[in-house]
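Visitor: Numbered as in our numbering, the sequence shown ends at 1126 without a single skipped number.
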Amino acid sequence: MNSLFRKFCLSSFIFYLCGLTSSQASEDPLLETIWDIESGKVIKHEELIEHFLGSEVIYFGEKHDNARQHEIQLQILETLISKGKRPSIGFEFFTIGQTSLLMNFTQPYAPIMNMKSKDQNPESVLRQALGWDHRSDEEWSYYFKLIELARQNQLPTFATDIPWGLSSRITRVGIENLHPTELSLLVDTGLNDSEYEELMLQEFTNAHCGYRNEKLFRRMYQAWIARNDAMAQSIVSTLEANHQNPVVMIVGFGHLRHGMGIPERVAYLRPETKQINFFMMEISQELSSFESYLPEFEINGRTFRQDFDYLWFTPRQDTEDPCEAFRKQYE
796 MNSLFRKFCL SSFIFYLCGL TSSQASEDPL LETIWDIESG KVIKHEELIE HFLGSEVIYF
856 GEKHDNARQH EIQLQILETL ISKGKRPSIG FEFFTIGQTS LLMNFTQPYA PIMNMKSKDQ
916 NPESVLRQAL GWDHRSDEEW SYYFKLIELA RQNQLPTFAT DIPWGLSSRI TRVGIENLHP
976 TELSLLVDTG LNDSEYEELM LQEFTNAHCG YRNEKLFRRM YQAWIARNDA MAQSIVSTLE
1036 ANHQNPVVMI VGFGHLRHGM GIPERVAYLR PETKQINFFM MEISQELSSF ESYLPEFEIN
1096 GRTFRQDFDY LWFTPRQDTE DPCEAFRKQY E
């Protein structure tokens, strides 16, 4: 496998399950509707908020590059704050060691903690410290708006993912070949089985435009499990330290699917936790029924369902198929 395709695989793994893009069904009746999955009925925004108010952990499952979904996240957080909630906000996109950078910005205790320098404003300093100065301004703005909201309201913020270098190492050499120090950074919930692994290998294949490298994808699966376990532990640790206030987790929707994602791992670590799995989904290219958005998958007689509690349909972000662009490189 050449280096170009390897880079594509590793990059796609980070952003995988964001969904293929296509033309916008602008008049889709599902657009901007909110569904209660259990009842199969449309609910109002106010009803959704009422459900959130009684939860300890709320997952905001996103497609990372969808601007409308980030608007919804900000809107809901502002509403929760206006109703007296002081959530801790967790981010998939930042690694655990970066929590101190986030907290220094959102809860400064001294002038030096404002992270202000003579030449740069605090936002620029934070962005550079987090390693986001190479990303687009638009992508940064999606998450900084949430961080800034936390700063304005003195809310705790925390990072949840394993270090990128560790994730990359697992993908390249496998957990069995890690250094003991690297292994000490991992959490194991034990939620791992052959059927789920096969399902995720198929997901990886789809995300990589039909290409499948068995050995590479099995190492990617190890990294996937390690990331989910670490994020679950970060959530539980935050909740146990301040259980009076909820946790809101900003995370890609792939980490919440199939009944084997982060919510199930949190439940394993802290069974009494009240959780809500809220997912924002882009509408399909063609007009589709509500039920078609919740496919079930069967592996060796075991059925995997989309275990979301609430679903909000949003516009598509763009119309370009990333697989088509990739194929053209080999024409």
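From the three backbone atoms N, C-alpha and C, an ideal C-beta is built for every residue, glycine too.
#1: Going by Cα to Cα distance, which pick from Trp959, Arg964, Gln870 and Ser963 is closest to Val1043?
#2: Secondary structure at Arg1007, three-state DSSP: helix, strand or coil?
#3: Return helix, strand or coil for Phe1103, following the three-state DSSP convention.
#4: If you draw a straight line from the alpha carbon of Gly749 to that of Gly856, how long is it in whole angstroms?
#5: When DSSP builds the beta bridges, which residues end up paired with Val1043?
#6: In this structure, does DSSP put Lys836 in helix, strand or coil?
#7: Could you give the first and the last residue of the continuous beta strand (DSSP E) run that contains Glu1077?
#8: Under the assumption that Glu1091 contacts Arg1100 (Cβ atoms under 8 Å), give the Cβ distance between them as a whole number of angstroms.
#9: Comparing C-alpha positions only, which one of Asp823, Lys839 and Glu822 sits nearest to Trp830?
#10: Excluding the five sequence neighbours on either side, which residues of its own chain have a C-beta within less than 7 Å of the C-beta of Phe1108, listed in chain order?
#11: Does DSSP put Asp831 in a helix, a strand or coil?
#12: Taking the CB atoms as reference points, tell me whether Ile1071 and Ile853 lie closer together than 7 Å.
#13: Between the alpha carbons of His1053 and Cys1004, how many angstroms are there, rounded?
#14: By Cβ distance, which residues of its chain are closer than 8 Å to Ala862, with the 5 residues on each side in sequence left out?
#15: Please state whether the Cβ-Cβ distance between Thr984 and Asp1024 is less than 7 Å.
#16: Asp954 bridges to which residues according to DSSP?
#17: Can you give me the Cβ contacts of Ile907 inside the same chain, cut-off strictly under 6 Å, excluding the 5 residues immediately before and after it?
#18: Hey, would you say the C-beta of Arg1013 is under 6 Å away from at least one heavy atom of the ligand SAH?
#19: Which residues mark the beginning and the end of the beta strand (DSSP E) in which Ile1094 is found?
#20: Give me the Cα-Cα distance between Trp935 and Ser895, rounded to the nearest whole angstrom.
#21: Taking the continuous alpha helix (DSSP H) assigned at Thr984, which residues delimit it?
Guide: Looking at the coordinates:
#1: Counting from one through the sequence shown, the residue named residue 1043 turns up at place 248. When only C-alpha atoms are compared, the closest one is Gln870.
#2: As a position in the sequence shown, residue 1007 is number 212, starting the count at 1. Here Arg1007 sits in coil by DSSP.
#3: For the purposes of this step, residue 1103 is taken as residue 308 along the sequence shown, with counting starting at 1. Note: Phe1103 maps to coil in three-state DSSP.
#4: This structure does not reach residue 749, given that the chain is present from 796 up to 1126, and the question cannot be answered.
#5: Indexing the sequence shown from 1 puts residue 1043 at position 248. Per DSSP, Ile853 and Ile884.
#6: Along the sequence shown, one-based indexing puts residue 836 at 41. Three-state DSSP puts Lys836 in a strand.
#7: Indexing the sequence shown from 1 puts residue 1077 at position 282. Segment Gln1070 to Glu1077, the beta strand (DSSP E) holding Glu1077.
#8: If you number the sequence shown from 1, residue 1091 lands on position 296. If you number the sequence shown from 1, residue 1100 lands on position 305. Between Arg1100 and Glu1091 the Cβ distance is about 5 Å, and since that is below 8 Å, they are a contact.
#9: Numbered from 1 along the sequence shown, position 35 holds the residue referred to as residue 830. Answer by Cα proximity: Lys839.
#10: As a working mapping, residue 1108 is identified with position 313 in the sequence shown. Excluding positions up to five away in sequence, the list reads Leu825, Leu826, Glu827, Thr828, Met1076 and Ile1078.
#11: Your numbering for residue 831 matches position 36 in the sequence shown. Looking at Asp831 - three-state DSSP - the assignment turns out to be strand.
#12: Within the sequence shown, numbered from 1, the residue matching residue 1071 stands at position 276. Within the sequence shown, numbered from 1, the residue matching residue 853 stands at position 58. Taking 7 Å as the Cβ cut-off, Ile1071 and Ile853 qualify as a contacting pair.
#13: Locating residue 1053 in the sequence shown gives position 258, where the first residue counts as 1. Locating residue 1004 in the sequence shown gives position 209, where the first residue counts as 1. Those two C-alpha atoms are separated by around 21 Å.
#14: The residue you call residue 862 lines up with position 67 of the sequence shown. Around Ala862: Glu933, Tyr937 and Gln1112.
#15: Position 189 of the sequence shown holds residue 984. Position 229 of the sequence shown holds residue 1024. Yes; because the gap between Cβ atoms is below 7 Å, this pair is in contact.
#16: As a first step, residue 954 must be located in the sequence shown, where it is residue number 159. In the sequence under discussion, the amino acid at residue 954 is Ala, which differs from the Asp named in the question. Ala954 pairs with Phe886.
#17: Position 112 of the sequence shown, counting from 1, holds the residue named residue 907. The predicted model places Ile907 with a pLDDT of 43, which falls under 50 and marks its position as unreliable; any figure quoted below should be read in that light. Answer for Ile907: no residue qualifies.
#18: What this structure holds is no ligand at all, so the ligand SAH is not there to describe.
#19: The residue you call residue 1094 lines up with position 299 of the sequence shown. Looking at the DSSP string, the run of the beta strand (DSSP E) that includes Ile1094 is Phe1092 to Ile1094.
#20: By one-based count along the sequence shown, residue 935 stands at place 140. By one-based count along the sequence shown, residue 895 stands at place 100. Between Trp935 and Ser895, the C-alpha separation is close to 18 Å.
#21: Within the sequence shown, residue 984 is the residue found at index 189, counting from 1. Here Thr984 belongs to no alpha helix (DSSP H), and DSSP marks it neither H nor E.
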